[in-house]
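According to my numbering, the sequence shown holds residues 441 to 852 in order.
The beta carbon of each residue, even a glycine, is placed where N, CA and C say it ideally should be.
Taking it in order: structure first as structure tokens, then the write-up.
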Amino acid sequence: MGREHYRPPKKEGFSMTRFIVFIVAAGLLGMIVYKYYYPEGGGFSGLSDYTNVPKEVQIKYVPADFKANINEEDAMPILSNPYRYSREFDELIYNFNLSLLSHVAKRMGLSDSLQMRVKSEYDIHHPYISKLMFNDFVALKDTSSILYDTWYQSELTTAVDLLNEVASKYTCFMVNQVFATLLKTQEGKIYVKGTKVDTPCGVAITEGLRPMIERLKQKAAIEDFNHSKGILNERVERSIAELGTMEIRDRKGISTSKNTKVLGFEVSSTEMEMSAISILKVGFKLDKYFNVKLDASTNTVTVILPEPEILSHEVFPKIDNLDIGWMREIGQEDFNKNMDLLRREFRQEAIESDVMDKAKRRAVDLMETIMLPIIKGMNKKYKMKVRFKDSGALPLGSGADKKVKAADMLSN
């Protein structure tokens, strides 16, 4: 019989694969437990300080009625003449924007303490927002066409439309700035609970801005009608001090076609073709600003003029073709609308052209002709320069500086 030797059982070696699987499973289990007990990520103290993931503010809208803290009666003259009522315009914008922000805060169901802080947060942003809105509003508003707008019953209505355009531009920015600071989202998001809900910006526009603009439009339409009737019995006489330097004559046409269909078949149609000639004069209102300065150290006389503007604009319309259907689709308002559209197109095209620069160059020539002999009569050593109140020196490359230099050379 052979001798049997005792063999100890083999020890299994270390399995790296099993160890990795165990670690991954334990990690997943720990993550599931953590997410279950601390869904907002706040279970471990200081954990949120070690991540840059933005916090997400969750809100749920509650019912609230919009209350506009503006007076429609006072708003009409302010919008009609923003330069004259610049302080009142700033107050109007303040109440306008604060009404929107307060409504959004109520709809978001914020606490009373947070709703009270809305005003203080907006006060930080109001100065520059109001300035931006004022600059945009006056840039869009053609103040020299107030008489024509009044005649066509559209002055205040147009002003309200411009306010709507400007307010729509800055409302979302304003809402985001105020509530991002108020709720301390740390560049995070605001999550709104519910289905088919709007953003805070959308709430401000649809529930606040639009109803407020609609109320102003209704008031503006009434005021425009009353003002246009007043022109019929008004004769204005006033002295003027104007320097007209450029005249633009233009002709344009517009056509309108309307039809009526019944069950998809055209039963009546109306066509209208209208043309008009325009005579637009550009120059300087010297009663607004005119100044002459003498610099004895350089023997320079500086004539300072205001910026050029439209002095007068006459439009002469004519109906070239009018074919009215039996259902009379075109009414009196269509004539006024087309006429006003032509007039605006004439003015816009003139403003976008280089007519203002041409008016400045022409003014330099006129000042040289009128003022230079007087200046030379005072002292032959004096030389003359022409400047403009807002823009200062004439723009380079326009040819205007050459006119000034030529005047300087002649005066020497």
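Sequence-distant residues of the same chain with beta carbon closer than 6 Å to residue i, five excluded per side
| i | result |
| --- | --- |
| Ile460 | none |
| Asp763 | Glu711 |
| Tyr822 | Asn739, Val741, Ile815 |
| Asn535 | Asn509, Ile510 |
| Leu751 | Glu682, Gly684, Lys721, Gly723 |
| Leu659 | Correcting the residue identity first, residue 659 is Lys in this sequence and not Leu. So the qualifying residues of the chain are Glu512. |
| Ala545 | Gln555, Val558 |
| Ser695 | Glu713 |
| Asn666 | none |
| Glu754 | Ile719 |
Exposed unless 16 or more other CB atoms sit within 10 angstroms - verdict on residue i
| i | result |
| --- | --- |
| Ala681 | exposed |
| Glu773 | exposed |
| Glu792 | exposed |
| Asn819 | exposed |
| Val464 | exposed |
| Ala803 | buried |
| Asn778 | buried |
| Pro381 | No information on residue 381 is available, as it lies outside the stretch 441 to 852 that the chain covers here. |
| Thr457 | exposed |
| Ser553 | exposed |
| Leu622 | buried |
| Met796 | buried |
| Ser551 | exposed |
| Ile400 | No answer is possible for residue 400: the residues shown for the chain start at 441 and end at 852. |
| Ser570 | buried |
| Leu469 | exposed |
| Ala466 | exposed |
| Ser581 | Checking the sequence shown, residue 581 turns out to be Lys, not Ser. Result: buried. |
| Lys500 | exposed |
| Leu602 | buried |
| Arg801 | buried |
Presumed contact (8 Å Cβ cut-off) between residue i and residue j, rounded CB distance
| i | j | result |
| --- | --- | --- |
| Val618 | Arg547 | 14 Å between Cβ atoms; not a contact. |
| Asp760 | Glu808 | So it is not a contact: roughly 45 Å between Cβ atoms. |
| Ala515 | Leu532 | 6 Å |
| Leu519 | Ala599 | 4 Å |
| Ser594 | Asp830 | That pair is no contact at about 28 Å. |
| Val615 | Pro640 | 5 Å |
| Leu596 | Asp664 | 5 Å |
| Pro746 | Lys728 | 5 Å |
| Phe529 | Phe574 | 6 Å |
Spatial neighbours of residue i in its chain, beta-carbon cut-off 8 Å, leaving aside the 5 residues before and after
| i | result |
| --- | --- |
| Leu649 | Leu540, Asn604, Ala607, Ser608, Thr611 |
| Ala799 | Thr685, Met686, Val722, Gly723, Phe724, Pro748 |
| Lys692 | Ser715, Ala716, Ser718, Leu782, Glu785, Phe786 |
| Arg411 | Outside the displayed range of the chain (441 to 852) lies residue 411, so it cannot be described from this structure. |
| Leu726 | Ala681, Glu682, Leu683, Leu745, Pro746 |
Chain D contact for residue i (CB, 8 Å cutoff)
| i | result |
| --- | --- |
| Val606 | Among the protein chains of the structure shown there is no chain D, as only one such chain exists. |
Close beta carbons around residue i, own chain, < 7 Å, minus the five adjacent residues each side
| i | result |
| --- | --- |
| Phe756 | Ala716, Ile717 |
| Tyr562 | Asn537, Leu538, Leu541, Val618 |
| Phe462 | none |
| Asp638 | Thr646 |
| Met811 | Val743, Met824 |
| Ser485 | At Ser485, the pLDDT of 43 sits below 50, so the modelled position is not reliable; the number obtained from the coordinates is stated separately. Same-chain partners within the cutoff: there are none. |
| Val420 | Only positions 441 to 852 of the chain appear in the structure, and residue 420 is not among them; the question remains open. |
| Ile472 | none |
In chain order, what are the residue ranges of uninterrupted alpha helix (DSSP H) at least 4 long that sit wholly in the region 506-586? 512-520, 526-547, 552-580
Taking 8 Å as the cut-off, does the region 640-659 touch the region 503-515 (at least 3 CB pairs, one atom from each stretch)? yes
Count the CB pairs spanning the region 685-692 and the region 712-721 that are closer than 8 Å, and state whether there are at least three. yes
Indicate whether the contact test is met: 3 or more Cβ pairs, each with one atom in the region 778-796 and one in the region 724-741, closer than 8 Å. no
Ranges of the beta strand (DSSP E) found wholly within the region 720-758, counting only runs of at least 3: 731-735, 740-745
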